[in-house]
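S.K.:
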Amino acid sequence: MRTQVCIVGGGPAGMLLSHVLARANIDSVVLERQSKSHVLERIRAGVLEHGSVELLREHGLAERMDRDGLVKDGTLIVWHEKDDFFIDTARWTGKRMMAWGQTAITEDLYAARERDGGQIVCEADDVALHDVTGNPYVTYTKDGANHRVDCDFIAGCDGFHGPSRQAIPADVRREFERTYPFGWIGIMVERPPLQKLVYAYHPDGVAIASQRNPRLSRYYVQAPMSDKPEDWSDERFWEALLNRLPDKLANQVETGPSIEKSMAPLRSFVAEPMRWGKLFLAGDASHIVPPTGAKGLNLAFSDVFYLSRALIHHYVEASDHYLDCYSEMALRRVWAAEKISWWLTRLLHVFPNADPFDEKLRQNDYDQLLRSEPAQHALAYEYVGLPFEK
Ligand code: FAS
Ligand code: PHB
Numbered sequence: 201m202r203t204q205v206c207i208v209g210g211g212p213a214g215m216l217l218s219h220v221l222a223r224a225n226i227d228s229v230v231l232e233r234q235s236k237s238h239v240l241e242r243i244r245a246g247v248l249e250h251g252s253v254e255l256l257r258e259h260g261l262a263e264r265m266d267r268d269g270l271v272k273d274g275t276l277i278v279w280h281e282k283d284d285f286f287i288d289t290a291r292w293t294g295k296r297m298m299a300w301g302q303t304a305i306t307e308d309l310y311a312a313r314e315r316d317g318g319q320i321v322c323e324a325d326d327v328a329l330h331d332v333t334g335n336p337y338v339t340y341t342k343d344g345a346n347h348r349v350d351c352d353f354i355a356g357c358d359g360f361h362g363p364s365r366q367a368i369p370a371d372v373r374r375e376f377e378r379t380y381p382f383g384w385i386g387i388m389v390e391r392p393p394l395q396k397l398v399y400a401y402h403p404d405g406v407a408i409a410s411q412r413n414p415r416l417s418r419y420y421v422q423a424p425m426s427d428k429p430e431d432w433s434d435e436r437f438w439e440a441l442l443n444r445l446p447d448k449l450a451n452q453v454e455t456g457p458s459i460e461k462s463m464a465p466l467r468s469f470v471a472e473p474m475r476w477g478k479l480f481l482a483g484d485a486s487h488i489v490p491p492t493g494a495k496g497l498n499l500a501f502s503d504v505f506y507l508s509r510a511l512i513h514h515y516v517e518a519s520d521h522y523l524d525c526y527s528e529m530a531l532r533r534v535w536a537a538e539k540i541s542w543w544l545t546r547l548l549h550v551f552p553n554a555d556p557f558d559e560k561l562r563q564n565d566y567d568q569l570l571r572s573e574p575a576q577h578a579l580a581y582e583y584v585g586l587p588f589e590k
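Taking the numbering used here, the leading residue of the sequence shown gets 201, the next gets one more, and so forth.
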């Protein structure tokens with residue numbers, strides 16, 4: 201098989217890239233290890249930055265989102281025994297975010313590629329990248345047969361555990377990581393959500409109230425890294441969540457049986473560069489952020505914006521300018537998202553055995569937000585998502 205761009209990974213990054221390239225008449229093949237149903241059963245991100253919303257609208261993927269998604273003027277932070285703070289992105293940036301689930305986006309992406317005759321190979325095993333600095337090709341097996349895809353470029357969109365990042369030589373690749381001694385137990389419940397997206401700081405740990413649609417709520421509580429979903433009965437989860445929210449919000453929560461429960465570890469990770477020869481990384485294949493800033497999916501989309509523009513300029517404008525500056529440009533936005541995600545994680549979580557001096561700095565960060573309009577503006581500017589660079 202021969203194509204222009206071989207995309208490894210059929211998650212949101214790979215599928216959006218395939219869709220955007222197809223709209224520019226650029227051929228691609230997507231190789232996805234899992235079954236389509238497995239990919240579509242994943243429950244992950246739920247909040248879209250302004251830039252992601254506009255990107256989906258630009259590429260004809262926003263019909264359900266604009267009908268059922270919930271536009272957000274900002275996000276509420278409530279703090280045990282202190283005043284509330286609203287990250288007012290609408291006031292400070294004129295931009296809004298959208299509560300809309302990654303699952304729905306991935307469903308729409310698969311539907312769009314199938315409608316348009318996209319080449320999506322699911323259950324592709326043993327995917328391997330070859331000659332990425334010369335004449336690149338990708339091999340895989342399916343139903344016991346060996347396959348090879350010759351291509352001009354490889355897009356590594358295969359997430360944190362995929363093979364693409366490893367195709368960059370260890371002596372070239374630079375990795376930066378910060379881990380955290382806690383994770384988030386998350387549940388989905390078929391009950392109306394709170395009106396606002398809420399981050400709650402409490403001495404027992406952070407709690408988050410979010411949503412997927414007017415009939416589906418998403419909640420999280422901070423839990424020790426060693427905990428597993430089965431350690432948290434619904435009863436234990438609701439008790440912890442309601443205890444960590446102030447009464448005025450706890451009284452509004454409609455509890456019920458969870459229809460999904462998972463434990464998400466928190467990690468900050470960046471692998472540089474995001475390009476090696478004809479291989480370009482996008483999304484979790486190159487970087488991971490703790491979900492505290494709701495940046496993971498949005499970073500995957502900004503990488504796809506930069507990479508699709510670069511590939512379109514190569515094929516349509518015969519210019520490699522954006523290919524040559526892809527890694528540097530994408531990483532500027534990646535590191536900004538890493539910084540704000542780390543900062544919000546540090547602000548809102550209880551760190552076991554925290555240094556008392558650090559604790560005072562952390563409390564002061566919040567006090568500063570309550571009183572300083574420049575601090576409020578700066579946070580809103582980063583939280584809503586930095587503008588894509590020209
Ligand atoms: P993905 O990991 O989504 O997709 C990669 C794809 O590559 C997968 O389909 C995988 O099956 C495939 N693949 C892997 N290895 C392969 C191989 N060898 N061959 C072929 N295919 C292969 N982000 C937020 O913004 N908010 C959240 O609340 C949030 N919660 C999360 C919870 C969890 C448990 C996880 C894991 C992530 C969460 N994220 C969240 C981040 C998440 O949304 C990612 O940022 C997003 O899925 C990134 O998309 P992709 O880069 O496409 O990677
Ligand atoms: C979600 O809705 O899943 C969500 C919301 C805010 C976050 C992370 C996840 O920071």
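Note that beta-carbon positions come from the ideal geometry of N, C-alpha and C, so glycine has one too. As the structure is a computational prediction, the values presented were derived from the model and not from experiment.
Given 8 Å as the limit, tell me if P363 has its C-beta closer than that to any heavy atom belonging to the ligand FAS.
M.R.: yes
S.K.: Rounded to a whole number of angstroms, what is the C-alpha to C-alpha distance between V550 and Y380?
M.R.: 11 Å
S.K.: Indicate, with yes or no, if the ligand FAS has a heavy atom lying under 8 Å from the CB of E375.
M.R.: Short note on E375: C-beta not closer than 8 Å to any heavy atom of the ligand FAS.
S.K.: Could you pull the start and end residues of the alpha helix (DSSP H) that L217 belongs to?
M.R.: Note, L217: alpha helix (DSSP H), 212 to 223.
S.K.: Could you pull the start and end residues of the beta strand (DSSP E) that P381 belongs to?
M.R.: 374 to 389
S.K.: Mind reading off the beta-carbon distance from L276 to L397? Whole number of angstroms is fine, and I expect it under 8 Å.
M.R.: Their Cβ separation, rounded to whole angstroms, is 7 Å, which keeps L276 and L397 in contact under 8 Å.
S.K.: Heavy atom of the ligand FAS less than 8 Å from the Cβ of R244, yes or no?
M.R.: yes
S.K.: Just how far apart, CA to CA, sit S468 and A407?
M.R.: 20 Å
S.K.: For E249, which three-state DSSP category applies?
M.R.: coil
S.K.: Within 8 Å: the Cβ of L499 and any heavy atom of the ligand FAS?
M.R.: yes
S.K.: Among R233, S252, G269, H280, which has the Cα closest to the Cα of R444?
M.R.: H280
S.K.: Taking C-beta to C-beta, are R291 and G269 nearer than 9 Å?
M.R.: no
S.K.: Quick one: does the C-beta of P414 sit closer than 8 Å to a heavy atom of the ligand FAS?
M.R.: no
S.K.: In chain order, what residues of the same chain have a beta carbon less than 8 Å from the beta carbon of R313, not counting five sequence neighbours either side?
M.R.: The answer, listed in chain order, is M215, S218, H219, A222, V230, I320.
S.K.: Excluding the 5 residues preceding and the 5 following E460 in the sequence, name in chain order all residues of the same chain whose CB lies nearer than 7 Å to its CB.
M.R.: The beta carbon of E460 sits closer than 7 Å to the beta carbons of I243, I387, M388 from its chain, once the five residues preceding and following it are set aside; these are given in chain order.
S.K.: What I want to know is whether the C-beta of A494 ends up closer than 8 Å to one or more non-hydrogen atoms of the ligand PHB.
M.R.: yes
S.K.: Between P429 and F382, is the Cβ-Cβ spacing less than 9 Å?
M.R.: Contact flag unset, no.
S.K.: Taking T333 as the reference, give the member of V516, P369, A537 with the closest Cα.
M.R.: P369
S.K.: In three-state DSSP terms, what is L261?
M.R.: coil
S.K.: Please list the segments of the beta strand (DSSP E) lying wholly inside the segment 403 to 470, counting only runs of 3 or more residues, in order along the chain.
M.R.: Fully enclosed beta strand (DSSP E) runs of 3 or longer: 407 to 413, 416 to 424.
S.K.: Assuming M265 and M298 are in contact, meaning their beta carbons sit under 8 Å apart, how far apart are those beta carbons, in whole angstroms?
M.R.: The pair is a contact, with the Cβ atoms about 6 Å apart (cut-off 8 Å).
S.K.: Please report the distance separating the alpha-carbon of F285 from that of L497.
M.R.: Going by the C-alpha atoms only, they are around 25 Å apart.
S.K.: Going by the CB atoms, is the gap between D567 and L547 shorter than 9 Å?
M.R.: no
S.K.: What are the start and end residues of each continuous beta strand (DSSP E) run of 3 or more residues lying completely inside the segment 278 to 317, in chain order?
M.R.: 285 to 287, 297 to 299
S.K.: By DSSP's criteria, K272 is part of a beta bridge. Which residues make up the other side?
M.R.: M297
S.K.: Where A224 and R202 are concerned, what is the direct C-alpha to C-alpha distance, given to the nearest angstrom?
M.R.: 18 Å
S.K.: Run through the segment 337 to 369 for me and flag every whole beta strand (DSSP E) of 3 or more residues, listed as ranges in chain order.
M.R.: 337 to 342, 345 to 356
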